[in-house]
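Undergrad: In my numbering, the protein residues as written are 559 to 927.
Note that the Cβ used here is the ideal one computed from N, Cα and C, for glycine as well.
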């Protein structure tokens, strides 16, 4: 991994006094003469030149009258000096916080273009701390701990492996950032339920046809739908959560989805939105068979399964022994055959290796409109 071009950030500061000193030299004035012209003491002028006294609005106006130019120039110089001084002070704190990097999936976030790609070495670690604070939208690792580690109390996990809070928080934050780009409407349950009925009919379509409409139906219902690269150590393929009391989020991973898994995961997360309140963050890995059993996960599974294959039709599943039978059954209930195959495999009615050619593998572009 190679370093990317970064903005020039000097490790020194230049106070407005440097410019004052240059002007004194050009004009051949002493500090005492400048003090007389400004109406300040010689001590105050010395403090100005050495960056120990600030350029106030009054000082800027006096400098404007003495040297010409604009007061705004002097105020801008003071603001730049203060910002750079603060940045250098922050840089010293970043060096003290580099231990925080060990809790985070730094390389994975680089691969996701969430932070600039650079070597993770002693020289670059303070800059990486700053970039990750910006990524998470927090002022320090303490705020990250309070917000994201504090959020862990609301996690509802489906796997024991979902214990890497750094990886999980990074994946959740990637979803938040994508959701922030979308127009936010208030959630309407009846509208969302109606949208899900239409969305079910789109399971037979290719991604380029269903994806724009899927996003739009969710958006109109007050649900942000985002597709985000997987973070391996997070062990999460889908999440349902509430960004606010009036806006829900469904977040799905991007990679290696077969259509049966994608659609089941989507409807599983939709079930959490409809059934299970607004306080919890549901972390799901619906493609894993060794899952933590819980009532809410059972309810979400049952709801999603019944929406895709209604209970009265599911009774016919044991009789589906051939691909043609699966195709005919799927056509009769208006879903893709791959979804039926996934259900048959999940229920143990056929081996996991059977009929996989009826499924479709695809990826959805992360930044699709």
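Give a yes or no on whether the C-beta atoms belonging to residue 628 and residue 622 are separated by under 8 Å.
TA: yes
Undergrad: State buried or exposed for residue 795, treating a residue as buried only when at least 16 other CB atoms are found within 10 Å of its CB.
TA: buried
Undergrad: Could you check whether residue 833 and residue 875 sit closer than 8 Å to each other, using their CB atoms as the reference points?
TA: no
Undergrad: For residue 889, which residues in the same chain have their Cβ closer than 6 Å to its Cβ, ignoring the five residues on either side in sequence?
TA: No residues qualify anywhere along the chain.
Undergrad: DSSP three-state call for residue 842: helix, strand or coil?
TA: Strand, per DSSP.
Undergrad: How about residue 728 and residue 782: are their beta carbons less than 8 Å apart?
TA: no
Undergrad: Scan the segment 676–713 and note each continuous beta strand (DSSP E) run of 3 residues or more that stays entirely inside, going in chain order.
TA: If one requires a minimum length of 3 residues, no beta strand (DSSP E) run lies completely within the segment 676–713.
Undergrad: Under 8 Å: do the segment 813–829 and the segment 890–907 share three or more Cβ pairs, one atom per stretch?
TA: Because the criterion of three Cβ pairs below 8 Å is met, the segment 813–829 and the segment 890–907 touch.
Undergrad: Mapping the DSSP letters down to three states, classify residue 604 as helix, strand or coil.
TA: helix
Undergrad: Which of helix, strand or coil does DSSP assign to residue 717?
TA: Interpretation of residue 717 is limited by its pLDDT of 49, a score under 50 that renders its predicted location unreliable; no figure is taken from the coordinates.
Undergrad: Which residues does DSSP pair with residue 784 in a beta bridge?
TA: 809
Undergrad: To the nearest angstrom, how far is it from the Cα of residue 659 to the Cα of residue 690?
TA: For residue 659 and residue 690, the distance between alpha carbons rounds to 9 Å.
Undergrad: What do you reckon, are the CB atoms on residue 806 and residue 745 nearer than 8 Å?
TA: Remark: C-beta atoms of residue 806 and residue 745 approach each other more closely than 8 Å.
Undergrad: For residue 674 and residue 656, which I take to be in contact (beta-carbon distance under 8 Å), what is that distance rounded to the nearest angstrom?
TA: Incorrect: roughly 17 Å between the Cβ atoms, too far for contact.
Undergrad: Which of the three DSSP states, helix, strand or coil, is assigned to residue 791?
TA: helix
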